[in-house]
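*Asks:* For the sequence shown, position 53 (counting from the first letter as 1) is numbered 1122 according to the numbering used here, and the numbering increases by one without interruption. From the three backbone atoms N, C-alpha and C, an ideal C-beta is built for every residue, glycine too.
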Amino acid sequence: MIKNTIDLLDEGKIRVAEKKGGTWQVNQWIKKAILLSFRVNKMKASKGPYSTWYDKVEGKTQGWDEEKIKKAGFRYVPNGVIRKGAFIAKNVVLMPSFVNVGAYVDEGSMIDTWASVGSCAQVGKNCHISGGAGIGGVLEPMQASPTIIEDNCFIGARAEIAEGVIIEKGSVLSMGVYIGASTRIIDRATGETLYGKVP
């Protein structure tokens, strides 16, 4: 059951968070499966061209041949890390970056050099996560929501978005912006004060 859940995440057939009726809903049972996988999986070595790694989660593309990479349809530059259980959609470009288990990166997005997409974070279509930016992950506490970047967003270099914040469709964040759940956000159009969401 646990392995099957990780495989389904890896293939994009299930997601930790989904937008239903305009509201993001978290599938807590998937987060539980990821946490349980850390308990039941043993540490093992993964050999690469210039190093050997030792972890409980193998690389997504470990053992893939050229045909499988072509079929997956994303571009993956050397020195990037994608852990198994992360979904990468077609036409995504991954520079040397890090994408953790449970993350979902949708079509046409770019994860730029040294950017990271944390556990269970969701990145929408046609987003640009600039160099060194961090999209925070979450596995624990169980009730915590993942960070979500909706479609067509630009996240500037070295920005950090964490603590379950939702960056809504079409948002542009400047370089070096830090946003957490307690960051006060002012909607210039309405004057409304928001927390945990950039409209």
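#1: Buried or exposed for valine 1186, please, with buried defined as at least 16 other CB atoms from any protein chain shown within 10 angstroms of its CB.
#2: Please classify methionine 1112: is it buried, with 16 or more other beta-carbons within 10 angstroms of its beta-carbon, or exposed?
#3: Do you know whose CA, among Trp1098, Gly1091, Ile1071, Trp1093, lies nearest valine 1109's CA?
#4: Can you find at least 3 beta carbon pairs, one from the region 1094-1106 and one from the region 1209-1224, that sit closer than 8 Å?
#5: If contact is defined by three or more beta carbon pairs under 8 Å, each pair taking one atom from either stretch, is the region 1132-1140 in contact with the region 1160-1175?
#6: Roughly how many whole angstroms lie between the Cα atoms of glutamate 1261 and valine 1234?
#7: So the candidates are Pro1268, Gly1206, Pro1118; which of them puts its Cα closest to the Cα of alanine 1231?
#8: Beta carbon of alanine 1228, beta carbon of alanine 1202: below 9 Å?
#9: Which parts of the region 1093-1138 are runs of the beta strand (DSSP E), unbroken and 3 residues or longer, counting only runs that do not cross its ends?
#10: Rank Asn1169, Thr1130, Glu1237 by C-alpha distance to the C-alpha of lysine 1194 and give the top, closest one.
#11: Report the partner residues of glutamine 1212 according to the DSSP bridge assignment.
#12: Might you give, ordered along the chain, the residues of its own chain that have their beta carbon closer than 6 Å to the beta carbon of alanine 1172, omitting 5 neighbours on each side?
#13: Looking only at its own chain, which residues have a Cβ that is under 7 Å from the Cβ of serine 1106, when we skip the five neighbours before and after it?
#14: Can you tell me whether asparagine 1148 is buried or exposed? The criterion is at least 16 other CB atoms within 10 Å of its CB, across all chains shown.
#15: Can you tell me which of Ile1217, Phe1143, Ser1199 puts its alpha carbon nearest to the alpha carbon of serine 1243?
#16: Going by other Cβ atoms of all chains shown within 10 Å of its Cβ, with 16 needed for buried, is tyrosine 1145 buried or exposed?
#17: Assign serine 1178 to one of two classes, buried (16 or more other C-beta atoms within 10 Å of its C-beta) or exposed (fewer than that).
#18: Below 6 Å CB to CB, which residues in the same chain sit around glycine 1239 once its five sequence neighbours on both sides are set aside?
#19: Span of the beta strand (DSSP E) holding isoleucine 1255?
*Replies:* On the basis of the data shown:
#1: buried
#2: An exposed status is given to methionine 1112, since fewer than 16 other beta-carbon atoms sit within 10 Å of its beta-carbon.
#3: Ile1071
#4: yes
#5: With the cut-off at 8 Å, the region 1160-1175 and the region 1132-1140 do not touch.
#6: Take the alpha-carbon of glutamate 1261 and the one of valine 1234: they are about 17 Å apart.
#7: Gly1206
#8: yes
#9: 1113-1116, 1121-1124
#10: Glu1237
#11: Glutamine 1212 pairs with nothing; no bridge assigned.
#12: Ala1155, Val1186, Ala1190
#13: Ile1071, Ile1075
#14: Classification for asparagine 1148: exposed.
#15: For the residues Ile1217, Phe1143, Ser1199, the minimum Cα distance to serine 1243 belongs to Ser1199.
#16: Buried, by the Cβ-count rule.
#17: Its Cβ being crowded by 16 or more others within 10 Å, serine 1178 is buried.
#18: Asn1221
#19: 1253-1255
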